[in-house]
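These protein sequences, in sequence, are chains A and B. Just so we're aligned, residue 0 is where the first sequence starts under numbering that gives the first Met the number 0, counting upward by one. Just so we're aligned, residue 0 is where the second sequence starts under numbering that gives the first Met the number 0, counting upward by one. The C-beta atom is built at its ideal place from N, Cα and C for all residues, glycine as well.
Number of protein chains: 2
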Amino acid sequence: MSHPHPELGLPPALPQGALRIVALGGLGEIGRNMAVFEYDGRLLIVDCGVLFPEEEQPGVDLILPDFDYIRDRLDLIEAVVLTHGHEDHIGAVPYLLRERPDIPLVGSRLTLALVEAKLAEHRIKPRLQVVADGERCSFGPFDCEFLAVNHSIPDAMAVGVRTPAGLVVHTGDFKMDQLPLDGRLTDLGTFARLGSEGIDLLMSDSTNAEVPGFVTSERDISGAIDNVFRTAEERIIVACFASHVHRVQQVLNAAVKAGRKVAFVGRSMVRNMGVARELGYLEVPEGLLVDPKALDELPPEKIVLVCTGSQGEPMSALSRMANRDHHQIRITERDTVMLASSLIPGNENSVNRVINGLTRWGARVVHKGNALVHVSGHSSAGELLFLLNLTKPSNFMPVHGEWRHLRAHAKLASLTGVPDENIVIAEDGVVVDLIDGHAQITGAVPAGYVYVDGSSVGEITETSLKDRRILGEEGFVSVVVVVDSSTGKVIAGPEIHARGAGIGDQDFQEVLNRIDAAIAESAAEGGADVHQLRQKMRRTVGKWVSESYRRRPMIVPVVIEA
Amino acid sequence: MSHPHPELGLPPALPQGALRIVALGGLGEIGRNMAVFEYDGRLLIVDCGVLFPEEEQPGVDLILPDFDYIRDRLDLIEAVVLTHGHEDHIGAVPYLLRERPDIPLVGSRLTLALVEAKLAEHRIKPRLQVVADGERCSFGPFDCEFLAVNHSIPDAMAVGVRTPAGLVVHTGDFKMDQLPLDGRLTDLGTFARLGSEGIDLLMSDSTNAEVPGFVTSERDISGAIDNVFRTAEERIIVACFASHVHRVQQVLNAAVKAGRKVAFVGRSMVRNMGVARELGYLEVPEGLLVDPKALDELPPEKIVLVCTGSQGEPMSALSRMANRDHHQIRITERDTVMLASSLIPGNENSVNRVINGLTRWGARVVHKGNALVHVSGHSSAGELLFLLNLTKPSNFMPVHGEWRHLRAHAKLASLTGVPDENIVIAEDGVVVDLIDGHAQITGAVPAGYVYVDGSSVGEITETSLKDRRILGEEGFVSVVVVVDSSTGKVIAGPEIHARGAGIGDQDFQEVLNRIDAAIAESAAEGGADVHQLRQKMRRTVGKWVSESYRRRPMIVPVVIEA
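Below is the structure:
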């Protein structure tokens, strides 16, 4: 198997007749999926998603792929193919379209409807091209065939990309529920046909490659949901992802059976379920839905709330309920809360806090840890092996996963008989060229994190984040003196301000004396320039804090000339 | 079941002949376990541990129980009983002994040896009283009986506390491994005898009350460990808790079988295994151990490293190896790493980072997610039911758990027949009185977090932490002006400094102009005092950042009079 090398340089020019693939995201992380295909000077992009920040990226709202690799070639993009409507596949589209608004977006009906609703909030009117299961159409040199796949959102697709360099199949996110709620199966027949034709490179979803066996059918959750509805004393509050149309459908079905009314809570839940209902992906019987504001008029045993916040997001309705600061809903011991969702790695603490908060007020909390109220949207190892055996790819490249997932998937491919020298484990920015039927790593391009924070994109740097980490752990101490600009003598200060450093104003006298002494000392030595003065202040304060408190806050010395 | 009420006031005076129990930690959290027993004006403390901070407590090293409740009664403490040697049960002892060094510490041989080694680092020489399984001795009015229990550290004990108010049994942390490595079983016979005598209140470990069934025997891990040893290509690196003597013993046994040498890495691992070996809890064949510095002289297939860092602690040897910045050990694809430990909630991200880092360099990583290399130290629901049925307590109080665990345990007690009105769910600081054989909540005392940060204890306040959270998410912008102390006129500045705010120096001109304008405006209105000037600067800068960047850094206005 090929390993990316830390010393990879820029790749050589792409040989005539070869295909280049560069993932700008999604390899080595779960999120910001984006693969750039290049053939004969033209580009095709598959997915353009965001990554959600973790604690090492404090204060950041979103993380985008770095578009630098394609920034001066935006006009060469034939299309952006979107495999499905999840944020980690479509979330960066608005940012790409800011740079060139008329890039054609290609995808299934629901996917593009969700993208369109999102872009409307960014005031962008995109060029959309809806494609159907089984459809085949060309975008420049890229001859694309779309295959239905089953996932945790309806209308997901895989895509086969034919160029003279060969046939590449990209699965998107998929699993193989054999009894899907909407009857739309992962199209194994077409995968098999492509396999017979000869797949030169398979790029396949690695998320659950470490998990043995098969994903349980979405349908199998209904028993647990019905059980919750049968045993709930009063209100039922369901939290799940705002895009999980099938999950919500199951809750609606249970509500109908139980004679309860349903209210959607949360902007994205209301928006997405509106889109899904309008397009016929969500069946909502007349009179089932009520306005959240009208809930007080219903008896609590007739109420179902469907809301977001399943990941413990601090500002969500569910978190507010858990903290008892929701303006309308006060949790009692007669409430039942169902977290009908996965627990995305990184959110364990916040979800645990929500569960403990709800439990503290006596609510019964049902979650995937104590009932079958969630199944994954991604193939487990069993299904991945099915796909590998069915498609018999000449070359294999695991995508959509952290290192541990990519490696586990590569191992599965190896077990099914893909030769190790034809398995390419790449990370973001690594250049994979398909040359004469052989996939190989030929270099690397920059593919760092681009941070969205507030209204700025890409302005927050690693330095800012490092500063935030220090400030967040230790706070800061700022010390100011004013010097006479002509004589260089200190005429006011030092004054000290500290925040988050755990040092009270009353504790500063000692260090002020030390600074005074240091200034006097350097004056006796013939004076110091502004730079030296700053250094002296930084060292004096830093030493004092370290000695007195064994802490290392950021020290910010300021010298003002008056 | 009794629920603590947010409006609980201070409790009334304790009636003659009644027993009072106040947990200063451990209820509503996993950590800083500490229960204060009071009878007839005398105090007995069971455990005195620390809690490890989470992301809401940035920069904090440790969290202690608040000793305020007992601070003016330290001389009334008869003894501190330590159930076992884990940090969440003994970690706060040095801080309590700082306030009164001669409080007798009571516990098993290993527990006290570990406490002694820890106190030596704090330069405290404690008064120790070793007690043996089955021993009974009195501390003032508290007649204590000690029972062997099985846990993830040797020599753990439960304690029965008899006073004229009745018999209280506190389990400490326990499980019921029926084939423990050291043959020391949880003493069900004595639990049964105490049950026949009549247990007025059972306080029992709730950690795994949500987990159905029984904990697998520690012994059952050996298969997985042997498997790792059989299949490892070259080095084996084992990470586990520094206190898990039995786990380490199993690794040593496997190393002997495989003809490998073992090196201990990490200060606490070396210290604890030294203590355990000296007291005979760890059997180390002659010649098995080697100095980590001598590793280079051994062939890699003869090496086992046993280190800490199983929770992904950033400064640990294991994290450094994962990041390839360990000075000695460079991970290769021939290395096998075994995380033979639990994953403590809150550490998911950091452990995942370590696994991905190691995997990136090609190492094979074995962990509890893919092999049976860990079993919990705490009883699952099955064992908890055994204990409840065996002891038949009149009253029950779940301890050692977050809200979700306490409630789940309370439900188990209810199912075994403890009347709901005799089940007390308390949180930290809630006062539980055992009066005439009935346990009841009678009030609450302060039991907040006391933070250790650097060398200071209790100086970091919630305000400091709130500041750190803001600084860590958004950074700060500080703006300084110098005013003439006699005229009040601005004579220098404004000058702006920002860190972590993602605003570059070149961006400040606009806001400097705005501040100038604001100052000029107020001068035209007749001038402003220092306070008004500060307010004006804060508002001007805050408004500018919010409008230009949609961000909310901390704004620190400074006015210096010269």
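With a 10 Å radius around the Cβ and a threshold of 16 neighbouring Cβ atoms, Lys256 (chain B) comes out exposed. Residues of chain A with a Cβ closer than 8 Å to the Cβ of Met553 (chain B) are, in chain order, Arg498.
Annotated three-state conformation of Asp515 (chain A) is helix, per DSSP. Of B:Thr206, B:Ile559 and B:Val510, the smallest CA-CA separation from Ser545 (chain B) is found for B:Val510. By the CB criterion at 8 Å, Ala238 (chain B) and Ser309 (chain B) fall inside the cutoff. Nearest CB-CB separation between Val264 (chain B) and chain A: not below the 8 Å threshold.
Using a CB distance below 7 Å, the part of the stretch 327-348 of chain B facing chain A consists of Pro344, Gly345, Glu347 and Asn348, ordered along the chain. Scanning its chain for C-beta atoms nearer than 8 Å, with the 5 sequence neighbours on each side dropped, one finds around Pro445 (chain B) the residues Asp65, Asp67, Tyr68 and Gly428, in chain order. In chain B, no part has a C-beta under 9 Å from the C-beta of Ile440 (chain A); the shortest such distance is about 15 Å.
Considered as a whole, the stretch 71-131 of chain B harbours 76-80, 103-106 and 126-129 as its complete beta strand (DSSP E) runs of no fewer than 3 residues, in chain order.
Interface residue (Cβ-Cβ distance to chain A less than 8 Å): Ala561 (chain B) is classified as such.
Rounded to the nearest whole angstrom, the CA to CA distance from Met268 (chain B) to Val305 (chain B) is 8 Å. Val423 (chain B) sits away from Gly442 (chain B), with the two beta carbons spaced by 8 Å or more.
Taking each of A:Asn271, A:Arg126, A:Leu288 and A:Ser315 in turn and checking the Cα distance to Gly84 (chain A), the smallest one comes out for A:Asn271.
Looking only at A:Ala22, A:Trp402, A:Arg192 and A:His437, the smallest Cα-Cα distance to Asp419 (chain A) is reached by A:His437.
If you keep only unbroken alpha helix (DSSP H) runs of at least 4 residues inside the stretch 258-284 of chain B, you get 266-277. Boundaries for Thr460 (chain A): no beta strand (DSSP E) harbours it, and the DSSP string shows neither H nor E there. According to the DSSP assignment, Leu193 (chain A) belongs to the alpha helix (DSSP H) that extends over Leu187 to Glu196. With respect to Leu371 (chain B), Ile152 (chain B) sits apart: the two C-beta atoms are not nearer than 8 Å. Spanning the alpha carbons of Asp435 (chain A) and Ser378 (chain A) requires a straight line of approximately 31 Å. Interface flag for Ile354 (chain B) against chain A is set, since a Cβ pair is found closer than 8 Å. For Leu73 (chain B), same chain residues with a beta-carbon under 7 Å away, outside a window of 5 residues either side, are Glu98 and Arg99 in chain order.
Contact of Phe507 (chain B) with chain A is not assigned, every C-beta pair being separated by 8 Å or more. With a threshold of 16 other beta carbon atoms within 10 Å, Cys136 (chain A) falls short and is exposed.
Gln534 (chain A) carries a helical assignment under DSSP once its states are collapsed to helix, strand and coil. A straight-line Cα-Cα distance of about 10 Å links Val264 (chain A) and Ser315 (chain A). Interface flag for Tyr548 (chain B) against chain A is set, since a Cβ pair is found closer than 8 Å. Residue contact check for Ile236 (chain B) against chain A: no CB pair falls below 8 Å. Gly30 (chain B) and Asp87 (chain B) do touch by the CB rule: their CB atoms are close to 5 Å apart, below 8 Å. When secondary structure is reduced to three states using DSSP, Asp204 (chain B) falls in the strand class.
From the beta-carbon of Glu472 (chain A), the residues of chain B found nearer than 8 Å are Pro57, Gly58, Arg467 and Gly471. Within chain B, the C-beta atoms nearer than 7 Å to that of Thr358 (chain A) come from Trp402, Arg403 and Arg406, in chain order.
Our two residues, Leu187 (chain A) and Ile235 (chain A), have alpha carbons roughly 38 Å apart in a direct line. Arg161 (chain A) sits in a strand when the DSSP states are folded into three classes. Scanning its chain for C-beta atoms nearer than 6 Å, with the 5 sequence neighbours on each side dropped, one finds around Gly90 (chain B) the residues Gly48 and Val49, in chain order.
Between Asn369 (chain B) and chain A, the shortest Cβ-Cβ separation is below 8 Å.
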